[in-house]
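Input: a single structure, listed below in structure tokens.
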Amino acid sequence: MKGPKSLRIDLQQIADWVRPESRVLDLGCGDGALLAHLREHKQCRGYGVEISDDHVAECVRSGINVIQANLDAGLRMFADAMFDTVVLSQTLQAMHNAEGILREMARVARQGVVSFPNFGHWKHAVSLLAGRMPVTRDIPYQWYDTPNIHLCTLKDFEVLTAKLGMNITGRAVFANGSSVTVLPALRAALAVYRFETR
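According to our numbering, the sequence shown holds residues -12 to 185 in order.
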């Protein structure tokens, strides 16, 4: 029998921010690990949206409610304020319309949580100064095969959420599996933000 899966550090932070017994929508839910964790540990009811056939099959095997859809098409299948929390973990940078998906998140839930790799990390700057696009654990692709089309820094994300009228209510930043408190804009490899609509 398999033991419980440990969550990625950003998913653990997201789980900590989700209230027990709430309704959760996980966009780009992958294998459903976050939703399974929230169901088991916080008695949350949730849905996932995922495009990958393999991940959808894994969700179904785990008893996760999942809809196979392309997030770039929007969230028309969900009513306004249908969820308490909507999650977009390490998917924002792959969206064709990052602003549009954030607006849709604000429409379908009271609270949104987004995680993304921080392109402002010092290693990325060093790589660019050396004339190469960065390849790291959090951005593990070569320039020619990356799904990432909208890389951003912590400040870029904060400016965009302010433009969209969203109020940031939490931020956690990480590097090498640990929380970063000093010089987060340069030292954090991964960011997690929680926001609400103003």
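Positions of the beta carbon are idealized from the N, C-alpha and C atoms, including for glycine.
1) Measure the alpha-carbon distance for arginine 6 versus histidine 108 and round it to whole angstroms.
2) What three-state label does DSSP hand glutamate 27 in the structure shown?
3) By the three-class DSSP mapping on this structure, what secondary structure does phenylalanine 65 have?
4) Mapping DSSP to helix, strand and coil, what is cysteine 16?
5) Restricting to Cα atoms, I'd like to know which of Asp41, Leu22, Val36 is closest to glutamine 63.
6) Quick check: the region 63 to 73 against the region 37 to 51, are at least 3 beta-carbon pairs closer than 8 Å?
7) Between Gly15, Phe103, Glu27, which lies nearest to glycine 50 when the distance is taken from Cα to Cα?
8) Valine 53 to histidine 24, Cα distance in whole Å?
9) Once DSSP output is grouped into helix, strand and coil, what is the label at isoleucine -4?
Quick look at the numbers:
1) Within the sequence shown, the letter at position 19 stands for residue 6. Within the sequence shown, the letter at position 121 stands for residue 108. Near 31 Å, if we compare the C-alpha coordinates of histidine 108 and arginine 6.
2) As a working mapping, residue 27 is identified with position 40 in the sequence shown. Under the three-state reduction of DSSP output, glutamate 27 falls in the helix class.
3) If you number the sequence shown from 1, residue 65 lands on position 78. Three-state DSSP puts phenylalanine 65 in coil, outside helix and strand.
4) Residue 16 sits at position 29 when you count from the first residue of the sequence shown. DSSP places cysteine 16 outside both helix and strand once states are collapsed to three, so it counts as coil.
5) As a working mapping, residue 63 is identified with position 76 in the sequence shown. The sequence given here places arginine at residue 63; glutamine does not occur at that position. Taking the Cα of arginine 63 as reference, the smallest distance to any Cα among Asp41, Leu22, Val36 is reached at Val36.
6) Segments in contact, no.
7) Taking the sequence shown and counting its residues from 1, the one referred to as residue 50 is at position 63. Selection Gly15, Phe103, Glu27 evaluated against glycine 50 yields Glu27 as nearest (Cα-Cα).
8) For the purposes of this step, residue 53 is identified with residue 66 of the sequence shown, where counting begins at 1. For the purposes of this step, residue 24 is identified with residue 37 of the sequence shown, where counting begins at 1. Approximately 15 Å, taken between the alpha carbons.
9) Start at 1 with the first residue of the sequence shown, and residue -4 comes out as number 9. Judged by DSSP in its simplified three-state form, isoleucine -4 adopts helix.
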